[in-house]
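Colleague:
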Amino acid sequence: MRPLRYSINVTVDGCCDHRVIAPDEAMHRHHARNLDQADALLFGRTTYEMMEEAWRPPAQPGARPDWMEPFAQTINAARKYVVSSTLERVDWNAELVRGDLATAVQRLKREPGEGLFVGGVKLPLALAELGLIDEYEFVVHPRLAGHGPTLFAGLSKHVDLKLVGRVEVGSGVVAMRYEPRR
Numbered sequence: 014m015r016p017l018r019y020s021i022n023v024t025v026d027g028c029c030d031h032r033v034i035a036p037d038e039a040m041h042r043h044h045a046r047n048l049d050q051a052d053a054l055l056f057g058r059t060t061y062e063m064m065e066e067a068w069r070p071p072a073q074p075g076a077r078p079d080w081m082e083p084f085a086q087t088i089n090a091a092r093k094y095v096v097s098s099t100l101e102r103v104d105w106n107a108e109l110v111r112g113d114l115a116t117a118v119q120r121l122k123r124e125p126g127e128g129l130f131v132g133g134v135k136l137p138l139a140l141a142e143l144g145l146i147d148e149y150e151f152v153v154h155p156r157l158a159g160h161g162p163t164l165f166a167g168l169s170k171h172v173d174l175k176l177v178g179r180v181e182v183g184s185g186v187v188a189m190r191y192e193p194r195r
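Per the numbering used here, the very first residue in the sequence shown carries number 14; after that it's consecutive.
#1: Does the structure place the region 16-35 close enough to the region 151-170 that three or more beta carbon pairs sit under 8 Å?
#2: Where does P125 land, buried or exposed, given buried means 16+ other C-beta within 10 angstroms?
#3: Suppose the cutoff is 6 Å on Cβ atoms and the five residues either side in sequence are ignored; what does the same chain contact list for L60 look like?
#4: Name the residue from V172, P193, F165, F130 whose alpha carbon lies nearest to the alpha carbon of A53.
#5: I'd like to confirm the pairing. Which residues does DSSP put opposite S20 in its beta bridges?
#6: Let me make sure I understand the geometry here. Which of V187, P193, W80, T99 has the alpha-carbon closest to that of D147?
#7: Need the endpoints of the alpha helix (DSSP H) that V118 sits in, please.
#8: Are there 16 or more other CB atoms within 10 angstroms of the CB of M14, so buried, or fewer, so exposed?
#9: Please determine whether the Cβ atom of M81 lies at a distance below 7 Å from any heavy atom of the ligand PLP.
#10: Which of the three DSSP states is assigned to T87 in this structure?
#11: Drop a sphere of 10 angstroms on the beta-carbon of A76, count the other beta-carbons inside from all chains shown, and report buried for 16 or more, exposed for fewer.
#12: How long is the line joining the alpha carbons of G128 and R190, rounded to whole angstroms?
#13: Please return the same chain residues whose Cβ sits closer than 7 Å to the Cβ of A45, not counting the five positions on each side in sequence.
#14: C28 bridges to which residues according to DSSP?
#15: Using 10 angstroms around the beta-carbon of F71, count the other beta-carbons present and answer buried if the total reaches 16, otherwise exposed.
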């Protein structure tokens, strides 16, 4: 069974608003390596639309630094599954996921391969509630945002985690990987 891994950028005070995270080369290299370990990406509608707008080619000349290109190429080529009841269709190497979330994600996890990656805020909350996330990675940025959104707001029960890896990404950014204690 391929694992479902969750990764998100977050400030020290828990804000996961992508607009307050300062992108840098080391962070993009780290995330590109993460995506290389996945057979597919799992997104909710909001994250899919945000990623598509930012990374789908062609980028305007000079729209992003050259060091962002490896990440852009990796995410562009990745297989994507989009959980949405409002989108009528998707493309960009994507397929809509409909119906019961637990059943659909368990089916995806049973497919052969290295793993699935999920990002975002709302979909991971639902997946955590269902106990479907096999690994959590919090890429913690040395910034205080002073506002939200925050992760897992409204989670109905605690999820106890054990630290399984830690890496300093650069610029004071630390990526910490956890697995749920079962």
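Note that the Cβ used here is the ideal one computed from N, Cα and C, for glycine as well.
Modeller: Reading from the atomic positions:
#1: Contact between the region 151-170 and the region 16-35 is present, because at least three Cβ pairs lie under 8 Å.
#2: exposed
#3: According to the sequence provided, residue 60 is Thr. The question's Leu does not apply to it. Result list for T60: G132, G133, in chain order.
#4: F130
#5: E150
#6: The residue with the shortest Cα to Cα distance from D147 is P193.
#7: 114-123 is the span of the alpha helix (DSSP H), which, as asked, contains V118.
#8: exposed
#9: This structure simply doesn't include the ligand PLP, nor any ligand for that matter.
#10: T87 falls in the helix class under three-state DSSP.
#11: It is exposed - the Cβ of A76 has fewer than 16 other Cβ atoms within 10 Å.
#12: 15 Å
#13: Within the same chain, A45 has close Cβ partners P83, F84, T87.
#14: T163
#15: The sequence shown places Pro at residue 71, not Phe. Counting Cβ neighbours within 10 Å, P71 comes out exposed, since fewer than 16 surround it.
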